[in-house]
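Colleague:
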Amino acid sequence: MVAISLPDGSVRQYDGAVTGADVAKDIGPGLFKAALAIKVDGEMKDLYTVLDRDCTLAIVTGKDPEGLELLRHDAAHVMAEAVKELYPETQVTIGPAIENGFYYDFARSTPFTPDDLEKIEARMREIVARDEPIRREVWNRDEAVKFFDSIGEKYKAEIIASIPSNEDISLYRQGEFIDLCRGPHLPSTARLGNAFKLMKVAGAYWRGDSRNEMLQRVYGTAWATEKQLKEYLHMLEEAEKRDHRRIGKEMDLFHIQEEAVGSVFWHHKGWTLYRTLESYIRTRLEKSGYQEVRTPQLVDRSLWEASGHWEKFGENMFTIDTPDERVLAVKPMNCPCHVQIFRHGLKSYRDLPLRMAEFGSCHRYEPSGALHGIMRVRAFTQDDAHIFCTEDQITAETVAFCELLKSVYKDFGFEDVRVKFSDRPAVRAGSDEVWDQAEGALLEAAKAAGLETTLNPGEGAFYGPKLEFTLRDAIGRDWQCGTLQVDFVLPERLDASYIAPDSSRKRPVMLHRAILGSFERFIGILIEHFAGRFPMWLAPLQVVVATITNDADDYAREVKAALDAAGLRADLDLRNEKINLKVREHSLAKVPVILVVGKREGEERTVAVRRLGGQQQEVLALEQAVATLAQEAAPPAA
RNA sequence: GCCCAAGUAGCUCAGGGGUAGAGCAACUGAUUCGUAAUCAGUAGGUCGUAGGUUCAAAUCCUAUCUUGGGCACCA
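Per my numbering, residue 12 is the first one in the first sequence, and the count goes up by one each step.
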């Protein structure tokens, strides 16, 4: 007897061993049809796994997250099968499920064309229609290596060869195609359905190493239903509409051109946004006990040699040979310069913690392929600061920083921030005791600040662990903005010290920290986050006064003057055009407020307030409207 | 840096060996009009750059730059 407990609490008894498929069929033909796999005692298994002892069982369908992942994984396998049928000389490598879809890396001398993608996709649908059973086989490792070698799949053979030789491995066979895979898989190719689409081809290095050969990666998306697929494609279209590069152009915020690759030309509107952001964060820093400084752009190589940047970061630095035969570097970071200010004059423990902030303009020679709009550039400005403190102060300073960061993000409407904790890398400076303390303090402080962190093992800086705060852009890409790094190394290398209570000289600890990250990236994220419809306080142009007829011109000028006097960023539209056109144009330009004035408003000294996206207007007395708008336009920190 | 794709009017895009096209924007004129497109007319381009093939190149070839999507990178 085999007793199988189902998620609803019921138990089914069977005389002997059954498969998951039998149980599903037993429960109902609808469920059997939808069944993709099973979960036995919490573990994902093939639908046709034999159940010969008591267990808990859940039938997994496309509605379950695990089922969807399975579906995507199978889509990758079906794609590989299609490719092998169409282009037998191609070697297969790996093909996992990823967020929203899947990919498969192929090795072949000629790259796939967009045309090939269509053919592959069509063949995939044929394979689905063929309804090929997908079955698991267990092989001996060495035989599997031999087998894949014999059919010319040297990448597969290499993967299997890296598995310990005493382990058996599982292969999955569907039609003529056989692939190494841990599984589980769908029972047959028909279960994949047709809610998938191949998206793009891209190069990808074998085993993710740029020293290896480049493979052809084909990306696809796959869903449980056609409706979900459609929704996803629609979401991508919407995301494209809020791409910061598109909106930056539409709203006349900035541009980038060939002669200054990786650097932003800020137009007046974009620069207004930039200045608003800068002034906001400056106020926040001042209120949090930071001192703002300004350090040089060009610094002699000797300082970078002393700090270690010349050796560790040299490839990313712009350098200049001067007529007097010196070599200067355009600063890629502010930290060494900040240490110079710290070193200037004797510091006492009473001066600590010393929080030194700079809106430091930095240049880094980023690889050409890394550049991306204004999100990843070669010239950028950080809201950078270094906190010089004692080891005892690390926790308190970290908590205070996290609080400040959360509060700043909240002011922009970012509530769900991903935080990664990067711990000690293999190559590092400092003793294990120091690392224990630094990591412990950082983790404890993150917890105290109410942050949930995911571990990013071995990704810390060579001088200390770090917290990375990431925000997600319109199309799901994560961008690191804020950071906090604990550094015991630079104070040592650049000989920073303070006088302790016992009048001995001690090394301070440096906390490198940024909230926005870079203004360029953060503004890019803001543009996408708000789709260009900025809240009043950030909007480059806050109010447009639009007239209905020229009779209202004089009054409109008065209204504009009142707005100017209240410190609002306002424009005047006196053109001889219909109000419909004016409303349309300023709405498309995403101006938060349009004040419509006609003859009536002039006589009554009122304005008709029309808010972006709103259908109705509100008629207010001029003074009242200006006061209300001025209040709305105040930055959160003021 | 590597793989693929794309660069045509201010913007969005069509054209694919035989004198360069559309819509919107711009400009000119008319229209003075109550909340997302008033009408008419005019002007606008070394087809990314440099070579080559050809009687003839935006179109084919080569190189190069830039952009986009990935990969690698991101102290």
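Glycine is no exception: its CB is placed at the ideal position from the N, C-alpha and C atoms.
Please report the distance separating the alpha-carbon of residue 429 from that of residue 464.
Modeller: For this step, residue 429 is matched to residue 418 along the first sequence. For this step, residue 464 is matched to residue 453 along the first sequence. If you take the alpha carbons of residue 429 and residue 464, they lie about 7 Å apart.
Colleague: Along the chain, where does the beta strand (DSSP E) that runs through residue 225 open and close?
Modeller: For the purposes of this step, residue 225 is identified with residue 214 of the first sequence, where counting begins at 1. Run containing residue 225: 225 to 233, per the beta strand (DSSP E) assignment.
Colleague: If you scan the region 138 to 191 from start to end, which runs of the beta strand (DSSP E) of 3 or more residues do you find wholly inside it?
Modeller: Segments of the beta strand (DSSP E) lying fully in the region 138 to 191: 145 to 151, 179 to 185 and 188 to 191.
Colleague: Given residue 240, which residues of its chain have a CB within under 6 Å of its CB, disregarding the five upstream and five downstream residues?
Modeller: Residue 240 sits at position 229 when you count from the first residue of the first sequence. So the list reads 206 and 234, once near-sequence residues are dropped.
Colleague: Let me confirm a value: residue 276 is counted as buried when at least 16 other C-beta atoms fall within 10 Å, else exposed. Which label applies?
Modeller: As a working note, residue 276 is residue 265 in the first sequence. Residue 276 should be labelled exposed.
Colleague: Which parts of the region 387 to 431 are runs of the alpha helix (DSSP H), unbroken and 4 residues or longer, counting only runs that do not cross its ends?
Modeller: Complete alpha helix (DSSP H) runs here, min 4: 405 to 422.
Colleague: From residue 629 to residue 284, what distance separates their C-alpha atoms?
Modeller: The sequence position of residue 629 within the first sequence is 618, counting from 1. The sequence position of residue 284 within the first sequence is 273, counting from 1. Distance between the alpha carbons of residue 629 and residue 284 is about 27 Å.
Colleague: Which residues mark the beginning and the end of the alpha helix (DSSP H) in which residue 6 is found?
Modeller: One cannot answer for residue 6 here, as it falls past the ends of the chain, which runs 12 to 649.
Colleague: List the residues that DSSP assigns as beta-bridge partners of residue 282.
Modeller: The count along the first sequence starts at 1 and reaches residue 282 at position 271. None; residue 282 has no bridge partner.
Colleague: My assumption, with CB atoms under 8 Å, is that residue 416 sits in contact with residue 528. Please give the rounded CB distance.
Modeller: If you number the first sequence from 1, residue 416 lands on position 405. If you number the first sequence from 1, residue 528 lands on position 517. Wrong, their Cβ atoms sit about 11 Å apart, outside the cutoff.
Colleague: Assuming the contact rule is C-beta atoms closer than 8 Å, residue 544 and residue 386 should be a hit. Round their C-beta distance to whole Å, please.
Modeller: Taking the first sequence and counting its residues from 1, one reaches residue 544 at position 533. Taking the first sequence and counting its residues from 1, one reaches residue 386 at position 375. Residue 544 to residue 386, Cβ: 19 Å. No contact.
Colleague: Across the region 67 to 75 and the region 91 to 98, are there enough close Cβ pairs to call them in contact, namely three or more that are closer than 8 Å?
Modeller: Taking 8 Å as the limit for Cβ pairs, the verdict is that the region 91 to 98 does not touch the region 67 to 75.
Colleague: Between the Cα of residue 47 and those of 66, 442 and 79, spot the shortest distance and give me the residue it belongs to.
Modeller: Along the first sequence, read from residue 1 onward, the residue named residue 47 stands at position 36. Closest option to residue 47, Cα to Cα, is 79.
Colleague: Counting pairs of beta carbons, one from the region 370 to 381 and one from the region 335 to 352, are three or more of them closer than 8 Å?
Modeller: Verdict: yes, contact present.
Colleague: Anyone know if the C-beta pair for residue 102 and residue 183 falls short of 8 Å?
Modeller: To locate residue 102, count along the first sequence from 1; it is residue 91. To locate residue 183, count along the first sequence from 1; it is residue 172. No.
Colleague: Reducing DSSP to helix, strand and coil, say where residue 526 ends up.
Modeller: As a first step, residue 526 is located in the first sequence; it is residue number 515 there, counting from the start. Residue 526: strand per DSSP, three-state reduction.
Colleague: In three-state DSSP terms, what is residue 437?
Modeller: Looking up residue 437 in the first sequence gives position 426. DSSP places residue 437 in coil when its eight states are reduced to three.
Colleague: Distance, Cα to Cα, residue 132 vs residue 209?
Modeller: Here residue 132 refers to the residue found at position 121 when the first sequence is read from its first residue. Here residue 209 refers to the residue found at position 198 when the first sequence is read from its first residue. Their backbone Cα atoms lie some 6 Å apart in a straight line.
Colleague: Taking the DSSP output, what are the residues bridged to residue 479?
Modeller: In the first sequence, counting from the first residue as 1, residue 479 sits at position 468. 431 and 494, per the DSSP bridge assignment.
Colleague: In angstroms with no decimal places, state the Cα-to-Cα distance between residue 377 and residue 389.
Modeller: If you number the first sequence from 1, residue 377 lands on position 366. If you number the first sequence from 1, residue 389 lands on position 378. Roughly 6 Å between the two C-alpha positions.
Colleague: Going by beta carbon distance, what residues of the same chain come within less than 8 Å of residue 309, once the five residues before and after it are set aside?
Modeller: Your numbering for residue 309 matches position 298 in the first sequence. So the qualifying residues of the chain are 331, 339, 340, 341 and 342.
Colleague: From the DSSP output, which residues share a beta bridge with residue 619?
Modeller: The residue labelled residue 619 in the question sits at position 608 within the first sequence. Paired residue(s): 607 and 630.
Colleague: Do you know how far the Cα of residue 503 is from the Cα of residue 349?
Modeller: Working through the first sequence from its first residue, we reach residue 349 at position 338. Working through the first sequence from its first residue, we reach residue 503 at position 492. C-alpha separation (whole angstroms): 14 Å.
Colleague: Please report the distance separating the alpha-carbon of residue 424 from that of residue 255.
Modeller: For this step, residue 424 is matched to residue 413 along the first sequence. For this step, residue 255 is matched to residue 244 along the first sequence. When rounded, the distance between both Cα atoms is 17 Å.
Colleague: Have a look at the DSSP bridge pairing and note the partners of residue 303.
Modeller: Counted from its first residue, the first sequence places residue 303 at position 292. According to DSSP, which records beta bridges pairwise, residue 303 is partnered with 368.
Colleague: By alpha-carbon positions, which one of 475, 458 and 414 ends up nearest to residue 443?
Modeller: Position 432 of the first sequence, counted from the first residue, corresponds to residue 443. Minimum Cα distance to residue 443 is reached at 475.
Colleague: Let me know if residue 608 comes out buried or exposed under the rule of 16 or more other beta-carbons within 10 Å of its beta-carbon.
Modeller: The count along the first sequence starts at 1 and reaches residue 608 at position 597. The residue is buried, with at least 16 neighbouring Cβ atoms inside 10 Å.
Colleague: Spell out a yes or no on whether the region 248 to 265 and the region 358 to 366 are touching, meaning 3 or more CB-CB pairs, one atom from each, closer than 8 Å.
Modeller: No, the region 248 to 265 is not in contact with the region 358 to 366.
Colleague: State the Cα-Cα distance for the pair residue 393 and residue 419, rounded to the nearest angstrom.
Modeller: In the first sequence, counting from the first residue as 1, residue 393 sits at position 382. In the first sequence, counting from the first residue as 1, residue 419 sits at position 408. Going by the C-alpha atoms only, they are around 15 Å apart.
Colleague: Do residue 4 and residue 307 have their C-beta atoms within less than 8 Å of each other?
Modeller: Because the chain in this structure spans residues 12 to 649, residue 4 falls outside the shown range and cannot be described.
Colleague: For residue 513, count the other beta carbons within 10 Å of its own beta carbon; 16 or more makes it buried, fewer makes it exposed. Which is it?
Modeller: For the purposes of this step, residue 513 is taken as residue 502 along the first sequence, with counting starting at 1. Residue 513 should be labelled exposed.
Colleague: In terms of residues, what are the limits of the beta strand (DSSP E) holding residue 115?
Modeller: Working through the first sequence from its first residue, we reach residue 115 at position 104. Counting along the chain, the beta strand (DSSP E) containing residue 115 begins and ends at 112 to 118.
Colleague: Quick one: what's got a C-beta closer than 8 Å to residue 645's C-beta in the same chain, skipping five residues either side?
Modeller: Working through the first sequence from its first residue, we reach residue 645 at position 634. Closer than 8 Å at Cβ, skipping near neighbours: 548.
Colleague: If contact is defined by three or more beta carbon pairs under 8 Å, each pair taking one atom from either stretch, is the region 191 to 199 in contact with the region 137 to 151?
Modeller: Touching, per the Cβ criterion.
Colleague: Please state the DSSP three-state secondary structure of residue 508.
Modeller: Here residue 508 is taken as the residue at index 497 of the first sequence, counted from 1. Three-state DSSP puts residue 508 in coil, outside helix and strand.
Colleague: Answer with buried or exposed for residue 396, where buried requires no fewer than 16 other C-beta atoms within 10 angstroms of its C-beta.
Modeller: Against the first sequence, residue 396 aligns to sequence position 385. Buried is the call here.
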